[in-house]
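Residue numbers (our numbering): 94 to 396.
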């Protein structure tokens with residue numbers, strides 16, 4: 094009897110592990126788009142940090158991301174079990190926050206650049222404060238993106254056994270964090286790799302090193318642009334998915350575009366992203382405008 098019970102237990106464990114493996118693969122595919130946006134956003138967040146502090150900053154954000162997911166996984170399970178109707182509104186609030194942050198960067202970007210250019214060389218205290226702000230901002234942004242990843246994964250495993258849900262969510266949380274921040278660490282250290290290769294004696298290594306040194310700053314500038322666009326695309330996408338009329342309208346527009354031209358299929362793939370981006374910009378502008386009005390009214394009231 095004991096032997097039979099042990100075999101049954103082992104069979105149950107094997108079945109759960111098999112289900113978790115399958116569900117994890119499906120969830121990884123479904124969340125790949127968010128992973129790309131997460132990568133661009135977080136690589137953008139470390140721009141402007143001193144070279145010797147890039148990896149510590151990435152590590153600090155990675156730890157914050159793991160903490161985010163440690164909060165989000167049980168919270169998502171509880172919300173799904175007791176108040177499933179709250180998932181979409183909460184995600185939409187997060188999407189609105191991303192749009193707000195993205196538009197604020199666009200609106201105040203030139204102003205901040207001029208301010209930084211006029212500043213004297215930063216003291217050590219200023220550098221630490223700057224790093225803290227970078228880390229806090231990155232962790233805030235990561236919270237929203239992590240919430241979307243967890244929500245997508247939870248939707249995939251919603252019909253599975255509770256233990257399968259927990260295991261799949263935990264695996265996706267860890268794999269996504271390691272994947273994103275491992276790649277971010279690699280991207281921010283491309284210039285160091287290029288410098289190391291350029292000092293080698295072989296001509297090929299020197300050529301590759303020079304190529305990396307030339308490409309690294311351009312890549313970081315590109316990621317800054319892509320990261321800001323990703324804020325609008327992800328935020329706008331969350332908002333439009335939460336409103337059936339907008340979601341179906343975007344799908345209908347993509348269907349119409351697919352039949353218009355030779356490049357229709359490609360345009361049909363790009364159309365939802367472009368429309369989500371436009372909607373995200375508009376939503377961000379509205380929130381920034383409203384915050385501006387509130388700030389002015391408060392200032393007048395205090396005066």
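Glycine included, C-beta positions come from ideal geometry on N, C-alpha and C.
Because the structure is a prediction, the values reported are computed rather than measured.
Cα-Cα separation between residue 146 and residue 350, rounded to whole angstroms
Near 47 Å, if we compare the C-alpha coordinates of residue 350 and residue 146.
Suppose the cutoff is 6 Å on Cβ atoms and the five residues either side in sequence are ignored; what does the same chain contact list for residue 368 look like?
For residue 368, where only same-chain residues beyond five positions count, the Cβ hits under 6 Å are 343.
Would DSSP call residue 282 helix, strand or coil?
Note: residue 282 maps to coil in three-state DSSP.
Which value, in whole angstroms, describes the spacing of the CA atoms of residue 306 and residue 298?
For residue 306 and residue 298, the distance between alpha carbons rounds to 12 Å.
Nearest-angstrom Cβ-Cβ length linking residue 232 and residue 330, presumed shorter than 8 Å
Contact flag wrong, Cβ pair sits at about 21 Å.
Just to confirm, are residue 247 and residue 169 a CB contact at a threshold of 9 Å?
Yes; because the gap between Cβ atoms is below 9 Å, this pair is in contact.
Beta-carbon gap between residue 188 and residue 328 smaller than 9 Å:
Cβ distance < 9 Å, so residue 188 and residue 328 count as in contact.
Does the beta-carbon distance from residue 159 to residue 270 come in below 9 Å?
Closer than 9 Å, so yes.
Taking just the CA atoms, how far does residue 375 sit from residue 386?
Approximately 17 Å, taken between the alpha carbons.
Do residue 413 and residue 361 have their C-beta atoms within less than 9 Å of each other?
The first residue shown for the chain is 94 and the last is 396, placing residue 413 beyond what the model contains.
Span separating the alpha-carbon of residue 243 from that of residue 165
Approximately 7 Å, taken between the alpha carbons.
So, are the CB atoms of residue 194 and residue 326 less than 9 Å apart?
In this structure, residue 194 keeps its C-beta atom at 9 Å or more from the C-beta atom of residue 326.
Counted within 10 angstroms of its Cβ, other Cβ atoms place residue 352 as buried (16 or more) or exposed:
It is exposed - the Cβ of residue 352 has fewer than 16 other Cβ atoms within 10 Å.
With residue 266 and residue 162 assumed to form a contact (beta carbons below 8 Å), what rounded beta-carbon distance in angstroms separates them?
Right, their Cβ atoms sit about 4 Å apart.
Look at the alpha carbon of residue 370 and the alpha carbon of residue 311, and state the distance between them as a whole number of angstroms.
Straight-line Cα distance between these residues: approximately 23 Å.
Would you please state the rounded distance, in angstroms, between the beta carbons of residue 237 and residue 190? I believe it to be under 8 Å.
Contact annotation, residue 237 with residue 190: C-beta distance approximately 6 Å; criterion of less than 8 Å satisfied.
Please report the distance separating the alpha-carbon of residue 383 from that of residue 224.
Approximately 29 Å, taken between the alpha carbons.
Since residue 161 is in the alpha helix (DSSP H), which residue starts that stretch and which ends it?
From DSSP, the alpha helix (DSSP H) with residue 161 extends over 147-175.
Assign residue 363 to one of two classes, buried (16 or more other C-beta atoms within 10 Å of its C-beta) or exposed (fewer than that).
By the neighbour-count rule (16 or more Cβ atoms within 10 Å), residue 363 is not buried but exposed.
Residue range of the alpha helix (DSSP H) that includes residue 300:
Bounds of the alpha helix (DSSP H) holding residue 300 are 296-335.
Close Cβ partners of residue 125 (< 6 Å) along its chain, the five nearest in sequence each way excluded
Here the model assigns residue 125 a pLDDT of 49, short of 50, so the residue's position is not dependable, and the following value carries that caveat. So no residue of the chain qualifies.
DSSP three-state label for residue 352, please.
In this structure, DSSP gives residue 352 a state outside helix and strand, which the three-state scheme calls coil.
Excluding the five sequence neighbours on either side, which residues of its own chain have a C-beta within less than 7 Å of the C-beta of residue 181, listed in chain order?
The residues 335, in chain order, have a CB closer than 7 Å to that of residue 181 in the same chain once the five nearest residues on each side in sequence are set aside.
List the whole-angstrom C-beta distance separating residue 153 from residue 259, where the pair is believed to meet the contact cut-off of C-beta under 8 Å.
Contact between residue 153 and residue 259 is ruled out by a C-beta separation of about 27 Å, above the 8 Å threshold.
Helix, strand or coil at residue 293 according to DSSP, with G and I counted as helix:
Residue state, collapsed to three classes: coil.
Expressed to the nearest angstrom, what Euclidean distance is found between the alpha-carbon atoms of residue 263 and residue 316?
Each residue's alpha carbon lies about 28 Å from the other.
Closest Cα partner of residue 284 within the set 318, 254, 365, 308:
Of the candidates 318, 254, 365, 308, 308 places its Cα closest to the Cα of residue 284.
Roughly how many whole angstroms lie between the Cα atoms of residue 216 and residue 226?
Low local confidence applies: a pLDDT of 46 at residue 216 is under 50, so the model's placement there is unreliable, with the coordinate-based value given in what follows. Distance from the CA of residue 216 to the CA of residue 226, rounded to the nearest whole angstrom, comes to 15 Å.
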